[in-house]
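Numbering (my numbering), first residue to last: 28 to 667.
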């Protein structure tokens, strides 16, 4: 297949480009085009392809895709998948058939293409010149684990070999499968030849050993047996570690998105058993073992918090254990960015549960610790999308606390910082569903705070932006429970703002859409405490609408459905400040609705429950500052 003409190597310094390249195209049998959005934009690349096709060589062009996505400029389906026309990698002359006169027709075609892009987490990114170059990039510019880097690089090495064979197959006119079988046979023959040479060498060595070594043979054999057993045991342990890493990361992600709570609990229990077995056979844990234990502890706690069948109080010590391990790993390797990320996430999780039990000061302190680490990582790795995302999450969590404490200006500032980072990440990675979801969450938060300060138009616009993204994500992955839940929250928020604007019918429609999604989620995963809480919020909102429309019986029914769920949630987790507040709201709403029906005696029972709940929350420090005023209001109701 030689010679191969490459302009960077084959052109003399004083060459007339057009003449030299034209002559090369006249004399070549095949044209290989490296396709990317940059190639698409080049008029020179397009001209060379066009010239080669007008020579009658349309079937002698092979495309090598190194970046971008094919046919986004022609296929609407690609746009719906999240691509844009700017991602197009095929130059236009590659996409159409040319007639005998060399004129472009409207009939589409597609070249034989070898795909040299890298697949990471199911997404295709730009290709690399070698596995070694890719490995160096992944180690220096990402926070992927060593195991995952090794797996990606190994897969890419195999992919490069296969794509090279695909190019060769296109040139020599042999089906790819035939060529791969030939290559396997060739490689096998090489290995057999090496093995034959090795056997000859071993025969010689064995004869020499037999002559020079006599009585040591038995001891040598015993030593080899012991070494083989040790190697076999180490291999088994490595296999366990590799499978445990898979379950901790890949399997966990799938389970969180698609599996019901009871299934997640069952799988996590099996992972715990594996970890315990690994620890039992390990006198001294390696860094990888420690990190595996950290992940298991954290995810076990996550599952406990998401399941209504588990005791939430068991989660905090697990998070605290994982935090200690993260600190140990940093002490072992202070420069390891992956360990720093683990420490940041551990602080966030401890903050989450402190916030859940109403200790806002402890939660804010934990979030500030995470923020400090994330800022350091971003300063050290400014191009790393993972650490940028972690920083946006820390800003977002601090904004949530500030909003809960009534510090709207501080909350708005934190939300804006998170939004800025997320808009940049989506601009750089428009096909990343995780970044898209984060951006939707930021718009939602912005809507919440704008609504809090009375900017209803700005709030409505922010909610609409979030809703647009959320609908796209659900369309791409309708089975993803996280996407479905996000969409229900946005419908719920839109209902709130429509109700505030006086658009009762629009509010009712939005609330109904949220309710439908939430009923489906609870049916799929009845043990999920978060889904149950969301459903109670939907029933409560429907009650508000019905009460406003004068349908007090329907309002009472909806409020009672919300109360039933909330009493169950509080019974399962009495420390959860959010569940306690939900119970307070239900008592309040039922008392109001009964008052409007003229059932004063029944209403007083709920006003009393409302007062008891307010005083209990004030006593344990979970009552929000804005809610203290309601104690006096309830007292007045009870004395009427």
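For every residue, glycine included, the Cβ atom is placed at its ideal position computed from N, Cα and C.
Source: prediction; values computed, not measured.
Distance from the Cα of residue 486 is smallest, within the candidate group 655, 554, 497 and 528, for 528.
If you ignore the 5 residues before and after residue 202, its C-beta comes within less than 7 Å of the C-beta of 196, all in its own chain and listed in chain order. Under the three-state reduction of DSSP output, residue 637 falls in the helix class.
Taking C-beta separations shorter than 6 Å and ignoring five residues to either side along the sequence, the partners of residue 423 in its chain run 445, following chain order. The segment 71-85 and the segment 118-130 touch, with three or more beta-carbon pairs separated by less than 8 Å. CA-to-CA, the gap between residue 125 and residue 463 works out to about 40 Å. Between residue 535 and the set 547, 521, 544 and 548, the nearest pair of CA atoms involves 521. Excluding five sequence positions before and after residue 419, the CB atoms of its chain that fall closer than 6 Å to its own CB belong to 445, 448 and 449, given in chain order. Of the candidates 394, 380 and 364, 364 places its Cα closest to the Cα of residue 409. Nearest Cα to residue 179 within the set 198, 194, 154 and 199: 154. In the DSSP assignment, residue 88 falls within the beta strand (DSSP E) that extends over 88-92.
Given a length threshold of 4 residues, the segment 121-167 has no whole run of the alpha helix (DSSP H) inside it. A contact is defined here as three or more CB-CB pairs under 8 Å, and the segment 618-634 fails this definition with respect to the segment 593-607.
Note on geometry: alpha-carbon atoms of residue 602 and residue 387 lie some 13 Å from one another. Rounded to whole angstroms, the gap between the alpha carbons of residue 561 and residue 590 is 12 Å. Following the DSSP letters along the chain, one finds residue 351 inside the alpha helix (DSSP H) bounded by residues 342-359. Remark: C-beta atoms of residue 470 and residue 493 approach each other more closely than 8 Å. Taking a cut-off of 8 Å on C-beta distances, the segment 544-553 does not touch the segment 578-586, as fewer than three cross pairs fall below it.
Comparing alpha carbon positions, the residue from 554, 632, 599 and 666 closest to residue 614 is 632. Short of 8 Å from the beta carbon of residue 482, and not among the five residues preceding or following it, lies no beta carbon of its own chain.
Within the same chain, Cβ atoms closer than 6 Å to the Cβ of residue 162 are found at 180, the five residues on either side in sequence being excluded.
In this structure, the straight-line span from the alpha carbon of residue 611 to that of residue 332 is close to 21 Å. Here the C-alpha atom of residue 651 lies approximately 18 Å from the C-alpha atom of residue 616. Listed as beta-bridge partners of residue 60 by DSSP are 90. Non-local C-beta neighbours of residue 389 in its own chain, meaning closer than 7 Å and more than five positions away in sequence, comprise 381, ordered along the chain.
Counting along the chain, the unbroken alpha helix (DSSP H) around residue 80 starts and ends at 70-81. The C-beta of residue 112 has fewer than 16 other C-beta atoms within 10 Å across all chains shown, which makes the residue exposed. In this structure residue 143 does not touch residue 88 by the C-beta definition: roughly 16 Å separates them, more than the 8 Å allowed.
Residue 345 places its beta carbon less than 8 Å from that of residue 328.
With a minimum length of 3 residues, there is no unbroken run of beta strand (DSSP E) contained wholly in the segment 562-598.
About 4 Å separates the Cβ atoms of residue 630 and residue 621, confirming a contact at the 8 Å cut-off. When DSSP states are grouped into helix, strand and coil, residue 98 belongs to the coil group.
For residue 433, no alpha helix (DSSP H) segment is defined, and its DSSP state is neither H nor E. Per the C-alpha coordinates, the member of 62, 325, 366 and 330 positioned closest to residue 349 is 325. About 4 Å separates the CB atoms of residue 371 and residue 400; that is less than 8 Å, so the two are in contact. As DSSP reads the structure, residue 519 sits in no beta bridge.
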